[in-house]
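K.L.:
Right, I'll just put the structure down here and ask away after.
If you want it as structure tokens, here you go:
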């Protein structure tokens with residue numbers, strides 16, 4: 056697990072560092088600025104992005120990673136669509 060604070064002026068750098076890994080199962084972003092975290096979630100190369108929470112899942116939501124973190128999805132209708140890169144964004148406010 057890596058926890059990094061970031062400056063609003065360095066969001067591009069944070070996303071580059073996060074996406075530099077060969078894995079992409081899940082990511083978590085904590086912030087009071089919902090519009091910023093939604094933009095970050097859209098750009099993160101992870102199958103699941105948690106916002107202001109972590110490991111809170113719904114059995115109807117697809118779960119699976121990008122890159123070397125998995126092939127296809129478990130749970131939800133998306134389990135049938137192995138060739139998509141579906142992203143789940145979970146937000147708590």
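In the numbering used here, the protein residues as written are 56 to 148.
Here a beta-carbon is modelled for each residue, glycine too, at the ideal position from N, C-alpha and C.
1. Note down the Cα distance separating residue 91 from residue 59, rounded to an integer number of angstroms.
2. Based on the DSSP output, what are the partners of residue 118 in its beta bridges?
3. In its own chain, which residues sit with a C-beta less than 6 Å from the C-beta of residue 195, not counting the 5 before and 5 after it?
4. Among 140, 116 and 105, which one has its Cα closest to the Cα of residue 147?
5. Which first and last residues belong to the alpha helix (DSSP H) in which residue 101 is found?
6. Check residue 69 in the structure and name its three-state DSSP category.
7. Return the CA-CA distance between residue 119 and residue 71, expressed in angstroms with no decimal places.
8. Any idea what DSSP makes of residue 92, helix, strand or coil?
9. Measure the CB-CB distance between residue 78 and residue 110 and report whether it falls below 7 Å.
P.N.:
Reading off the structure:
1. The sequence position of residue 91 within the chain shown is 36, counting from 1. The sequence position of residue 59 within the chain shown is 4, counting from 1. When rounded, the distance between both Cα atoms is 16 Å.
2. Numbered from its first residue, the chain shown carries residue 118 at position 63. Looking at the DSSP assignment, residue 118 forms a beta bridge with 129.
3. Because the chain is modelled from 56 through 148, residue 195 falls outside the range shown and cannot be assessed.
4. Position 92 of the chain shown, counted from the first residue, corresponds to residue 147. Of the listed residues, the one whose Cα sits closest to residue 147 is 105.
5. On the chain shown, residue 101 is found 46 positions in, with the first residue counted as 1. Neither: residue 101 is in no alpha helix (DSSP H) and is coded neither H nor E.
6. Here the question's residue 69 lines up with position 14 in the chain shown. Residue 69 falls in the helix class under three-state DSSP.
7. Along the chain shown, read from residue 1 onward, the residue named residue 119 stands at position 64. Along the chain shown, read from residue 1 onward, the residue named residue 71 stands at position 16. Each residue's Cα considered, the two are about 21 Å apart.
8. Position 37 of the chain shown holds residue 92. It is helical.
9. Against the chain shown, residue 78 aligns to sequence position 23. Against the chain shown, residue 110 aligns to sequence position 55. Contact: no.
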